[in-house]
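Down below is the structure, laid out as structure tokens.
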Amino acid sequence: MAVVLILVFVAVGSVVFHLFSPWWWTPIASNWNYIDNTIIITFWITGFVFVAVVLFVAYCVFRFRHRPGNRAAYEPENKKLEVWLASVTSIGVAAMLAPGLFVWHQFVTVPPGTTEVEVVGQQWLWSFRLPGADGKLGTSNTRAIGDGNALGVNPDDANGLDDLIIEGGELHLPVGKPVKMLLRSVDVLHDFYVPEFRAKMDMIPGMETYFWFTPTRTGTFEVLCAELCGTGHPQMRGTVVVDNEADYQTWLQEQQTFTQLLAARQEQTTIASSTSSSK
Amino acid sequence: MVDIRSDASEAIPPSEVEDVELYHPKSWWTKYVFSQDAKIIAIQYSMTATAIGMVALVLSWLMRLQLGFPGTFDFIDADHYYQFITMHGMIMVIYLLTALFLGGFGNYLIPLMVGARDMVFPYANMLSYWLYLLAVLVLAAGFFAPGGPTGAGWTLYPPQAILSGTPGGKDWGILLMLFSLILFIIGFTMGGLNYVVTVLQGRARGMTLMRMPLTIWGIFTATVMALLAFPALFVAAVMMLFDRLLGTSFFMPAIVEMGEQLQQGGGSPILFQHLFWFFGHPEVYIVALPAFGIVSDLISTHARKNIFGYRMMVWAIVIIGALSFIVWAHHMYVSGMNPKFGFFFATTTLIIAVPTAIKVYNWVLTLWRGDIHLSLPMLFALAFIVTFVNGGLTGLFLGNVVVDVPLSDTMFVVAHFHMVMGVAPILVIFGAIYHWYPKVTGRMLNEAMGQIHFWVTFLGAYLIFFPMHYLGLLGIPRRYHELGETAFIPESAHTLNAFISVMALTVGAAQILFLFNLVWSLKKGREAGGNPWRATTLEWQTPQTPPAHGNWGKELPIVYRWAYDYSVPGAAEDFIPQNQPGLGGPTREAAS
Numbered sequence: 001m002a003v004v005l006i007l008v009f010v011a012v013g014s015v016v017f018h019l020f021s022p023w024w025w026t027p028i029a030s031n032w033n034y035i036d037n038t039i040i041i042t043f044w045i046t047g048f049v050f051v052a053v054v055l056f057v058a059y060c061v062f063r064f065r066h067r068p069g070n071r072a073a074y075e076p077e078n079k080k081l082e083v084w085l086a087s088v089t090s091i092g093v094a095a096m097l098a099p100g101l102f103v104w105h106q107f108v109t110v111p112p113g114t115t116e117v118e119v120v121g122q123q124w125l126w127s128f129r130l131p132g133a134d135g136k137l138g139t140s141n142t143r144a145i146g147d148g149n150a151l152g153v154n155p156d157d158a159n160g161l162d163d164l165i166i167e168g169g170e171l172h173l174p175v176g177k178p179v180k181m182l183l184r185s186v187d188v189l190h191d192f193y194v195p196e197f198r199a200k201m202d203m204i205p206g207m208e209t210y211f212w213f214t215p216t217r218t219g220t221f222e223v224l225c226a227e228l229c230g231t232g233h234p235q236m237r238g239t240v241v242v243d244n245e246a247d248y249q250t251w252l253q254e255q256q257t258f259t260q261l262l263a264a265r266q267e268q269t270t271i272a273s274s275t276s277s278s279k
Numbered sequence: 001m002v003d004i005r006s007d008a009s010e011a012i013p014p015s016e017v018e019d020v021e022l023y024h025p026k027s028w029w030t031k032y033v034f035s036q037d038a039k040i041i042a043i044q045y046s047m048t049a050t051a052i053g054m055v056a057l058v059l060s061w062l063m064r065l066q067l068g069f070p071g072t073f074d075f076i077d078a079d080h081y082y083q084f085i086t087m088h089g090m091i092m093v094i095y096l097l098t099a100l101f102l103g104g105f106g107n108y109l110i111p112l113m114v115g116a117r118d119m120v121f122p123y124a125n126m127l128s129y130w131l132y133l134l135a136v137l138v139l140a141a142g143f144f145a146p147g148g149p150t151g152a153g154w155t156l157y158p159p160q161a162i163l164s165g166t167p168g169g170k171d172w173g174i175l176l177m178l179f180s181l182i183l184f185i186i187g188f189t190m191g192g193l194n195y196v197v198t199v200l201q202g203r204a205r206g207m208t209l210m211r212m213p214l215t216i217w218g219i220f221t222a223t224v225m226a227l228l229a230f231p232a233l234f235v236a237a238v239m240m241l242f243d244r245l246l247g248t249s250f251f252m253p254a255i256v257e258m259g260e261q262l263q264q265g266g267g268s269p270i271l272f273q274h275l276f277w278f279f280g281h282p283e284v285y286i287v288a289l290p291a292f293g294i295v296s297d298l299i300s301t302h303a304r305k306n307i308f309g310y311r312m313m314v315w316a317i318v319i320i321g322a323l324s325f326i327v328w329a330h331h332m333y334v335s336g337m338n339p340k341f342g343f344f345f346a347t348t349t350l351i352i353a354v355p356t357a358i359k360v361y362n363w364v365l366t367l368w369r370g371d372i373h374l375s376l377p378m379l380f381a382l383a384f385i386v387t388f389v390n391g392g393l394t395g396l397f398l399g400n401v402v403v404d405v406p407l408s409d410t411m412f413v414v415a416h417f418h419m420v421m422g423v424a425p426i427l428v429i430f431g432a433i434y435h436w437y438p439k440v441t442g443r444m445l446n447e448a449m450g451q452i453h454f455w456v457t458f459l460g461a462y463l464i465f466f467p468m469h470y471l472g473l474l475g476i477p478r479r480y481h482e483l484g485e486t487a488f489i490p491e492s493a494h495t496l497n498a499f500i501s502v503m504a505l506t507v508g509a510a511q512i513l514f515l516f517n518l519v520w521s522l523k524k525g526r527e528a529g530g531n532p533w534r535a536t537t538l539e540w541q542t543p544q545t546p547p548a549h550g551n552w553g554k555e556l557p558i559v560y561r562w563a564y565d566y567s568v569p570g571a572a573e574d575f576i577p578q579n580q581p582g583l584g585g586p587t588r589e590a591a592s
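Those sequence lines, one after another, are chains R and C.
For what it's worth, the UniProt record's numbering labels the leading residue of the first sequence as 1, then goes sequentially.
For what it's worth, the UniProt record's numbering labels the leading residue of the second sequence as 1, then goes sequentially.
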């Protein structure tokens, strides 16, 4: 009998925990509330199945537990019941898969007119690059990384010269404008993860990955790395600030272009090499 | 299929088969150490797996101490933490679960349940164990090597696995891990071929495929899968060794490591992920299918009722096994592979839910109108149903590509896979040990200790992993040695982490009681007799308990019926052994 009560308690307790859990997703700050909705649908369907199965087991244990003189029924198969159960299951699975694939289609289809922003991961730091006045990011190459060019921007590509470079600083984004995050890593795997945006994607050395989203509210959000990238993995943090348009423009003016950065580094190197020639 | 009784004519050779092929041990060494008896090999596999599994259990305690009480234990720094999670994961998945289900249960049960004298290739079977032991020793050597074991995570993703930012990346750790995996796979192949060939070639007369117990179907299908899946891991391990030792670039693109340009270039880290998960996903079912099979037999035997929908159960096992080879990239939705793959892999992944759900329905329908004995094996089987359904359902979140995006790489994933391929199969292992221990030793395990072990393990494990999903939903990433100051994580999450850690220590302690019970009952356990559960399958019908070398004495059994003739109307007893010819009641041919 204890077994029956505990099984019922597990089913009911799980539902109660779900309803009253203080641990729930962070308030969303992007357009991906579709994802949240799909999760809710999935919770309903799977929660129903879980409770139904566990309560059914509890009832069976209660009703058909061994008592002297009992004998089990002999029923090897019941085709009708098996087909019916398989059909209902298929419908339930389709009810979860269909909205899932629908939203996935949106997730992988970047709308036209989306601004591109590059995120570069390295152990254990986030850097960013925004297109300059020409609206285009220049090409990049890991082999080009060296003094003064931490992100490996191609110095021979005119598109890249006016790119804004933010090494290890904050990224600002304007609210309400779709943005495509181009993701790149110069050393190992990383994953650009802001819980409030719901989207995340791995960054892989040697290739460029992406995801897109539209920030829907202003605020400051913490960037975490979500792919184990070595000892400093939990400390690899960054900040994304979602601004209104005016604040965003102000911030944009303060950023250094690739050309400025190279010039500044050149100056430093000249000073450094004139003071010590041992380099 | 032909009814075996109908051709019981002179055409059949006498059932007394001389066992000339078997190597009979001449000394203590060849009987108990370099043994070619599958039953001894099974025990060797099980004891080795349990020993290294205890190491993994202790590692999980250390991890939970750090997560529950960060900063309290100075010796668990970031490097150690990542080494602990890596070794814990790899040991549990490969060296404990795979080895115990296939090397342990497979070796013990296959010859006995199909009515063979031994495995078909006993010598290769012996080598299989010794290579496995060597693999375990090489793996464990990582703890003593300079730089310690690898801390790359059990997925061993390059390039970080072989770079200096990861513990063991430039030291011995990753090398020992890869060598150990290679040895394991070679050893497994020797054993695996044995299991497959024995099932296909070594069955007793009358034991048609569709009369085999589901335990054998599960182990057989899992072994076929493992033989097809492990080579992918083998190849990946060899290539990574080359990248690390010879400077090749299979998985190494152009990389600037800590400010320094590396020589290698042009390789693909994501190629490794595809190879790894081409093995890694079938691996989930390599663990799950034997558990599915075994739990079917536990439920049927202890509910005194035939398994419901036997043919459907067999087909479900085979279909799950086949489908599991085309779902691997659902582990890689946010890996940066072409996102269009998501449509295909989400669809195949959710389709697997259908045969899996059918198995669950058939288990619970077996209980329906049964005569349920709440013995320890049955309790563990019930707990398996609860945890497996729970873990399987959260798989529908993660398999549904877009839902996976926010949850991937969070504690939700950790909770999911522990529930579905950690807790659930291990509950089956426990149930199976309580069930078959009497056959292996001739004595019953102590019931009182078993009850404590069951309740603490089942409820404790549920309390660990059910709330953990919600930490993931909140957004807490996995593989964080400390959460530090993170704006979105409330104080209450730390309290929950502490609670989970306390439960983890408690559940771990209950396993020590279980191990004690295993030893204590060897001498003090109640005498079991040959068939204490009144079960139908062949292993309970051996002339001796524990069965002698060769299993069957002079005469091999002849099989007259399927494995599930429980409570047959008109029969005198509520079970009819498979080797009992027609008697007192109608018999059933599942395959006719």
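Don't be surprised by glycine CBs; every beta carbon is placed ideally from N, CA and C.
Below 8 Å on the Cβ atoms is my guess for leucine 496/C versus leucine 471/C; work out the distance and round it to an integer in Å. 6 Å
Neighbourhood of proline 25/C by C-beta, 6 Å cutoff - its chain only, sequence neighbours within 5 removed: Lys31
Residues, ordered as in the chain, of the segment 380-402 of chain C that lie near chain R by beta-carbon distance below 8 Å: Correct list: Leu382, Ile385, Val386, Val389, Asn390, Leu393, Thr394, Leu396, Phe397, Asn400, Val401 and Val402.
Strictly under 8 Å for the Cβ-Cβ distance: is serine 278/R near chain C by that measure? The predicted model places serine 278/R with a pLDDT of 45, which falls under 50 and marks its position as unreliable; any figure quoted below should be read in that light. Judged by the 8 Å Cβ criterion, serine 278/R is not in contact with chain C.
Taking the alpha-carbon positions, what's the cysteine 60/R to proline 174/R distance? 58 Å
Taking only runs that begin and end inside the segment 68-113 of chain R, name each unbroken beta strand (DSSP E) of 3 or more residues, in chain order. none
At what residues does the alpha helix (DSSP H) containing serine 296/C begin and finish? Annotation for serine 296/C: the continuous alpha helix (DSSP H) segment containing it runs 269-302.
Distance cutoff 8 Å, beta carbons only. Does isoleucine 35/R sit that close to anything in chain C? yes
To be precise: take each residue of the segment 67-87 of chain C, compare its Cβ to all Cβ atoms of chain R, and keep it if any distance is under 8 Å. Which residues remain? Ala78, Asp79 and Tyr82
Check the Cβ of valine 120/R against every Cβ in chain C and list those closer than 7 Å, keeping chain order. Residues of chain C passing the Cβ test: none, with the nearest at roughly 11 Å.
Short-range partners of chain C found in the segment 107-141 of chain R, where Cβ spacing is below 9 Å: Phe107, Val108, Gln122, Gln123, Trp124 and Asn141: these are the residues of the segment 107-141 of chain R whose beta carbon lies less than 9 Å from some beta carbon of chain C, given in chain order.
Neighbourhood of glycine 53/C by C-beta distance below 6 Å, restricted to the same chain and skipping five residues each side: Taken in chain order, the residues that qualify are Leu96.
Any beta carbon of chain C sitting closer than 8 Å to that of methionine 181/R? no
Looking at valine 55/C and valine 186/R, is the spacing between their C-beta atoms short of 8 Å? no
Just verifying my parser: in three-state terms, what is the DSSP assignment at histidine 172/R? strand
Are the segment 118-127 of chain C and the segment 224-242 of chain C touching, with three or more C-beta to C-beta distances below 8 Å? In this structure the segment 118-127 of chain C does not lie against the segment 224-242 of chain C, because fewer than three pairs of beta carbons, one per stretch, are closer than 8 Å.
Suppose contacts are defined by Cβ-Cβ distances below 8 Å. Is threonine 231/R in contact with leucine 474/C by that definition? no
Indicate the three-state DSSP secondary structure (helix, strand or coil) for residue 322/R in the structure shown. Residue 322/R lies beyond the range of chain R shown here (1 to 279); nothing can be said about it.
Backbone CA spacing between valine 103/R and glycine 395/C [nearest angstrom]: 18 Å
By Cβ distance, which residues of its chain are closer than 6 Å to isoleucine 91/C, with the 5 residues on each side in sequence left out? Ile52 and Ala56
Are leucine 163/C and serine 501/C closer than 8 Å when you measure CB to CB? no
If leucine 224/R sits next to proline 213/C, beta carbons under 8 Å apart, how far is it from one beta carbon to the other, in whole angstroms? Contact flag wrong, Cβ pair sits at about 49 Å.
Within the 8 Å Cβ cut-off, does tryptophan 368/C reach chain R? yes
In whole angstroms, what separates the C-alpha of valine 238/C from that of tyrosine 23/C? 36 Å
Rounded C-beta distance between isoleucine 35/R and methionine 96/R? I'm assuming under 8 Å. The beta-carbon separation of isoleucine 35/R and methionine 96/R, rounded to 13 Å, does not stay under the 8 Å limit for a contact.
Compute the distance between the beta-carbons of lysine 200/R and serine 408/C, then report whether it is under 8 Å. yes
Beta-carbon proximity list for alanine 498/C, same chain, < 8 Å, skipping 5 on both sides: Gly68 and Phe69
Neighbour-count burial assignment, proline 377/C, 16 or more Cβ in a 10 Å radius: buried
Any C-beta of chain C under 8 Å from that of threonine 89/R: yes
Mind listing, in chain order, the continuous beta strand (DSSP E) runs of no fewer than 3 residues lying wholly within the segment 28-85 of chain C? For the segment 28-85 of chain C, not a single whole beta strand (DSSP E) run of length 3 or above is found.
Contact list for alanine 493/C against chain R, beta-carbon separation under 8 Å: Trp23
State yes or no: is the beta carbon of glycine 100/R nearer than 8 Å to at least one beta carbon in chain C? yes
Residues near isoleucine 216/C by beta carbon distance below 8 Å, same chain, minus five either side: Here the set comprises Leu109, Ile110, Met113, Val114, Val199 and Gly293.
Can you give me the start and stop residues for the beta strand (DSSP E) that leucine 189/R sits inside? Looking at the DSSP string, leucine 189/R is not in any beta strand (DSSP E), and its letter there is neither H nor E.
Hey, quick one: how far does the beta strand (DSSP E) through glycine 160/R stretch, first residue to last? Where glycine 160/R is concerned, there is no enclosing beta strand (DSSP E), although the alpha helix (DSSP H) it sits in stretches over 158-161.
Could you name the residues of the segment 327-355 of chain C whose beta carbon sits closer than 8 Å to any beta carbon of chain R, in the order they occur along the chain? Answer set for the segment 327-355 of chain C: Val334, Ser335, Gly336, Pro339, Lys340, Gly342, Phe343, Ala346, Thr347, Leu350, Ile351, Ala353 and Val354.
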